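The next block holds one structure in the form of structure tokens; read it before the comments.
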Amino acid sequence: MSSRDLYVHTPDRPVWAVPATGAARFQWDYDDGRERLLALYQKGKDKQWDSSKRIDWDLEVDPYDPLGAPDEALTLYGSRHWAKMTGKDKAELRRHYASWQFSQFLHGEQGAMVCAARIVESVPDLDAKLYSATQTMDEARHAEIYGRFLHEKIGMLYPVNDSLQGLLGDTLRDSRWDIPYLGMQVLIEGLALAAFGMIRDTTNKPLPKQILAYVMQDEARHVAFGRMALRDYYRQLSDAELREREEFVIEGCYLMRDRLRGVEVLENFGVPRAEADELSEQSEFLHLFRKLLFSRIVPCVKDIGLWGERLQKAYLDMGVFDLGDSSLDLLMSQDEEMAEQLDRERFAAEERARVAEVADAIALGAAADPTADGPTADGPTAADSAVGGPTAGA
């Protein structure tokens, strides 16, 4: 089935063309490069995986409760609209919310793939080009995964959110080679990681948990790459150049905080836009979610050296300034460990199931053939007789 048949609203145009600016840079110095980045490049190669094999796509998913979201997580909960909704309406609302969330993940991953390819093209350092090539493959895999989940398990897509599309456009149109890093690696992927983590840690559904855990394992490398490359580069910039990057970060953070709330879902349920905005502002769950969205961005921004007075004031205004002291390394290592632990648990369970299956087969065979232990002192077995006895042909 075509994706266009699954969209709740058909996108205005099937292809979005963003005019490219800036230079493609070739590096003729094939030296060893930075040890840290080359180690990350090696890890990027070692950690490639096939989503068709690693993810258990045979797991059933209820499209009307794909994530096991509690009622309180739904913006309409407790409103006048909620009181009028039937059980069927509420199930449909869950489906729409999951579709909206994973659709934005899908569109963001395609954007990340394009940005990673742009970095390969424009970054001047060969070690960064090499790593970005592995990330491009990672992002292609993520887009494949989210697209498959939406097509096969939920059966519904939402168009890209206007604000997400706007930030993607600003990131890709800029001629400075570091802006795709900043816009994608720090802002968009930082926000996505927080959203992935919140769902991964709260869902009781095995398939979305697998998907998010394995995607986040890849993303941990991507964030590390952005930090390394930008931290080195931003040490060389003037105060004026740093302020330009900080303005880009401030604008992007406000845009994502204020616009990524899923009001498109509420509008599909007949809620006027102004009321949908108001309900979003009143939702305690969205307030918590909004703060968690910045748990990966703020410490990363501070780490790469963008921590001017205006940026700090913006984070104070958003109520996320204190996140600057969070340990990004700890968060990343936890993401890696959770994926590996999930693998251990899954494959240990599969191994136990295989052992039990073999044991059952042996027991079944023994029960069906009481003489399976072989010949005894009383004479030959039935099997011996069937082939002419133990000495037949001697």
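In numbering that gives the first Met the number 0, the protein residues as written are 0 to 393. Note that the Cβ used here is the ideal one computed from N, Cα and C, for glycine as well. Computed from a prediction, not measured in an experiment: that's the story for all the values here.
- DSSP, read as helix, strand or coil, puts Leu163 in helix.
- Here Arg260 is buried, its C-beta having at least 16 other C-beta atoms within 10 Å.
- Separation of Glu34 and Ala127 (C-alpha to C-alpha, rounded to the nearest whole angstrom) is 11 Å.
- Taken through DSSP and simplified to helix, strand or coil, Tyr180 comes out as helix.
- In the structure shown, Tyr6 adopts extended strand secondary structure according to DSSP, grouped into three states.
- The region 166-184 and the region 272-279 do not touch, with fewer than 3 CB-CB distances between them shorter than 8 Å.
- If the five residues before and after His106 are omitted, its C-beta is found closer than 7 Å to the C-beta atoms of Val159 and Leu163, all from its own chain and listed in chain order.
- Nearest C-alpha to Ile198 among Ala72, Val60, Ala22 and Glu336: Ala72.
- Under a 10 Å Cβ-count criterion, Gly86 is classified as exposed, with fewer than 16 other Cβ atoms of the shown protein chains found around its own Cβ.
- Remark: C-beta atoms of Gly304 and Arg230 approach each other more closely than 8 Å.
- Ala348 and Val357 have their C-alpha atoms spaced approximately 14 Å apart.
- Leu315 carries a helical assignment under DSSP once its states are collapsed to helix, strand and coil.
- Looking at the backbone, the Cα of Asp28 and that of Glu120 are separated by about 16 Å.
- Taking 8 Å as the cut-off, the Cβ atoms of Leu254 and Gly165 count as close.
- Listed as beta-bridge partners of Leu156 by DSSP are Tyr6.
- Between the region 131-150 and the region 69-84, the count of C-beta pairs closer than 8 Å stays below three; the two stretches do not touch.
- Pairing Lys208 with Pro65 gives a Cβ-Cβ distance that is not under 8 Å.
- Between Ile296 and Val185, the C-beta gap is smaller than 8 Å, which places the two residues in contact.
- According to the DSSP assignment, Met255 belongs to the alpha helix (DSSP H) that extends over Asp238 to Arg258.
- In this model, Pro179 and Glu250 are separated by some 15 Å (Cα to Cα).
- For Glu243, the closest of Met317, Pro298, Leu211 and Trp306 by C-alpha to C-alpha distance is Trp306.
- Secondary structure of Ser51 (DSSP, three-state): helix.
- Here Arg12 carries a coil assignment [DSSP, helix/strand/coil].
- In this structure Arg93 is in contact with Ala68, their Cβ atoms being roughly 6 Å apart against a cut-off of 8 Å.
- When the alpha-carbon of Ala16 is set against those of Val113, Lys312 and Phe320, the nearest one is in Val113.
- In the three-state scheme derived from DSSP, where H, G and I count as helix and E and B as strand, Asn267 is classed as helix.
- Straight-line spacing of the CA atoms in Phe25 and Asp61 works out to 49 Å.
- DSSP places Met84 in the coil class of the three-state scheme, outside both helix and strand.
- Under the 10 Å beta carbon count, Thr201 is surrounded by fewer than 16 other beta carbons and is classified as exposed.
- Taking C-beta separations shorter than 7 Å and ignoring five residues to either side along the sequence, the partners of Ala142 in its chain run Leu105, Glu108, Gln109 and Met112, following chain order.
- When the alpha-carbon of Gln333 is set against those of Leu236, Phe288 and Gly196, the nearest one is in Gly196.
- Assignment of Lys301 by DSSP, reduced to helix, strand and coil, places it in the helix class.
- Here the C-alpha atom of Ser2 lies approximately 19 Å from the C-alpha atom of Asn267.
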